[in-house]
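*Asks:*
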Amino acid sequence: MDLDPRPLYARATDQVAALMARVKPEALGDPTPCDGFDVRGLLAHLVGGVRAAAELGRTGADVTLEAAEDVPDDGWLQAYDEARALFGEVWADDAKLDAPVSVPWGELPGRAYLSSGCVLEAVGHAWDLSAALGHPLPLDQELAEYALEWARRVLPAERRGAPVPFGPVRPAPEGADAYVRLAAWLGREV
Numbered sequence: 004m005d006l007d008p009r010p011l012y013a014r015a016t017d018q019v020a021a022l023m024a025r026v027k028p029e030a031l032g033d034p035t036p037c038d039g040f041d042v043r044g045l046l047a048h049l050v051g052g053v054r055a056a057a058e059l060g061r062t063g064a065d066v067t068l069e070a071a072e073d074v075p076d077d078g079w080l081q082a083y084d085e086a087r088a089l090f091g092e093v094w095a096d097d098a099k100l101d102a103p104v105s106v107p108w109g110e111l112p113g114r115a116y117l118s119s120g121c122v123l124e125a126v127g128h129a130w131d132l133s134a135a136l137g138h139p140l141p142l143d144q145e146l147a148e149y150a151l152e153w154a155r156r157v158l159p160a161e162r163r164g165a166p167v168p169f170g171p172v173r174p175a176p177e178g179a180d181a182y183v184r185l186a187a188w189l190g191r192e193v
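Each residue of the sequence shown is one higher than the last, beginning at 4 in the numbering used here.
1. By the three-class DSSP mapping on this structure, what secondary structure does Glu72 have?
2. Return helix, strand or coil for Gly127, following the three-state DSSP convention.
3. Thinking C-alpha only, which one of Asp180, Pro168 and Gly178 is nearest Leu189?
4. Leaving out five residues before and five after Gly113 in sequence, what residues of the same chain have Cβ atoms less than 6 Å from its Cβ?
5. Tell whether a beta-carbon distance below 8 Å holds between Ala70 and Ala82.
6. What does DSSP give as the partner residue(s) for Gly109 in the beta ladder?
7. Is it buried or exposed for Arg162, if we count other Cβ within 10 angstroms and need 16 for buried?
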């Protein structure tokens, strides 16, 4: 898996942005399948995650993901797009793909972080947001297959619970699409 994950991340965040564009203010307090997050909390986590990934790309050192609490209810998509633009600028240098970065789960090359941290995060939470909104758009199954492959590698079933913020792997229905299988692997009730 030595490919450049940046185009996949762009597709994943485009998908999240398309879902964000469908969030109505009255839905911000609605629950999501991701424990501990209502829609507003999930949006804050997504914006904060892209900001943290940009900062990590800038410094190479571990940064704390902090939920974005500075965004007005009608500004989530704009804040996400601004964070994505900054991420794109910071990670544009191809040399960053092979440069080591330090994250809570260890030191790894930038490309592995982008795949296991960024793409996986955006794709997994795209399903959460989509489910909270009633699945208004078709989701990119190829992205989910890619994210599921990484999830199985970096989040094995036996490595759950504190400090890993994922519940036990759940069963996915027979014939489930890649997103449902990913959500179940990440511990979501599907």
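Using N, Cα and C, we set each Cβ at its ideal position, and we do this for glycine too. These figures come from a predicted structure and were not determined experimentally.
*Replies:* According to the structure data:
1. Mapped onto the sequence shown, residue 72 falls at position 69. Looking at Glu72 - three-state DSSP - the assignment turns out to be coil, as it is neither helix nor strand.
2. For this step, residue 127 is matched to residue 124 along the sequence shown. DSSP places Gly127 in helix when its eight states are reduced to three.
3. Taking the sequence shown and counting its residues from 1, one reaches residue 189 at position 186. Closest by alpha carbon: Pro168.
4. Taking the first residue of the sequence shown as 1, we reach residue 113 at position 110. Contacts found: Lys99, Leu100, Ala102 and Val104.
5. Position 67 of the sequence shown, counting from 1, holds the residue named residue 70. Position 79 of the sequence shown, counting from 1, holds the residue named residue 82. Contact: no.
6. Residue numbering aside, residue 109 sits at position 106 when the sequence shown is read from its first letter. In the DSSP output, where bridge partners are listed per residue, Gly109 has Val106.
7. Locating residue 162 in the sequence shown gives position 159, where the first residue counts as 1. Classification for Arg162: exposed.
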